[in-house]
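Okay, so here's the structure we're looking at.
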Amino acid sequence: MSSSPQSTTSVNTRDFYRKYEFILECPMYRCDVEGTKLDNERLTAQIGSKFLLIEMKKDTCIIRFILPSRKRKGKKLNFEDDDIEYYKYFRITKAQLDYKAIPSNTQRYAFTLGSVITPIKLRFGPFDFSKDFTIGSTFGVKYTKSDFAPLSFSGILGIGVTGVTLDSFSTNGKVRNRQETLAFTPSLGVMLEFGNAQVGIFTGIDMLSGSNPIFDSYIYRNKPWVSIGLGYSIFTGNGRK
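Position 36 of the sequence shown, counting from 1, maps to 25 under my numbering, and the rest follow consecutively.
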């Protein structure tokens, strides 16, 4: 039984119909959906042009541009709008795809799950700062600002456990000797992520157990604190732009 040969060209992990974006100017030619060149005029796709990889034949890639709104159409390409609409497909080489394009981050919003640590807290009414250490889980929405810089912002809800220090000051003299107790800590924060580093500002409340005999004497009961948080993502799910 005979079968038609398949191309041995490897696309690595890049899937067809995946979105890409040029990071360097790229020469190309008009073609049809099968990759046949329609004319010999060389065109240039500018930096920031987004496209889909339609098909790969040996070392030739057939692409189709993702057109912006009509108001902005043609600004990333150096030919007329009518040409873009008439010639839907273009051909570049695999080397150009590998070295002049990257996967396009068109999915700006994503669900994120992670952990955060708040090592030092500022408390108010009266003002104080403490090293009441909190570690907990976080979840929220992540927004990626740029296709080129690995910079993103996240709005996060956190749930954690805190080791609260109780002393004479924080209990109006009811506790003579310093002691530690656990508290349930919900928090809200904004996280900035750059590469693998995550840092943010958080505010929350340390909620002591109602059965704790110091509960009514704790001067920061139901009072929010402010802290710098250090975190890391466990999971990020893609959303739509």
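Glycine included, C-beta positions come from ideal geometry on N, C-alpha and C.
| Query | Result |
| --- | --- |
| Taking 8 Å as the cut-off, decide whether the C-beta atoms of Gly218 and Val105 are in contact. | yes |
| Take Leu146 as the anchor and find which of Phe191, Gly199, Val153, Tyr209 has the nearest alpha-carbon. | Phe191 |
| Helix, strand or coil for Leu86? Go by DSSP, reduced to three states. | helix |
| Using a Cβ-Cβ cutoff of less than 8 Å, which residues in the same chain neighbour Lys60 once the five nearest sequence positions on both sides are dropped? | For Lys60, the pLDDT reaches just 44, beneath the cut-off of 50, and the residue's location in the model is therefore unreliable, leaving the point undetermined. |
| For Ala90, count neighbouring Cβ atoms within 10 angstroms of its own Cβ and tell me buried if that reaches 16, exposed if not. | buried |
| Assuming the contact rule is C-beta atoms closer than 8 Å, Thr154 and Thr123 should be a hit. Round their C-beta distance to whole Å, please. | So it is not a contact: roughly 12 Å between Cβ atoms. |
| Just to confirm, are Phe128 and Thr101 a CB contact at a threshold of 8 Å? | yes |
| Can you list, in chain order, the residues of its chain whose CB lies under 6 Å from that of Asp195, leaving out five sequence neighbours each side? | Thr151, Val153, Ala172, Thr174 |
| In whole angstroms, what separates the C-alpha of Ala84 from that of Cys50? | 9 Å |
| Would you mind working out which of Tyr18, Met17, Cys15, Tyr9 sits nearest Phe40, comparing C-alpha positions? | Tyr9 |
| I'd like the span of the beta strand (DSSP E) that includes Thr133, first residue to last. | 123 to 133 |
| How would you call Ser216, buried or exposed, if buried means at least 16 neighbouring beta carbons within 10 angstroms? | buried |
| Can you tell me the Cα-Cα spacing of Asn185 and Asp205, whole angstroms? | 42 Å |
| Could you tell me the alpha carbon to alpha carbon distance between Ala34 and Ile52, rounded to whole angstroms? | 12 Å |
| Please state whether the Cβ-Cβ distance between Val179 and Gly193 is less than 8 Å. | no |
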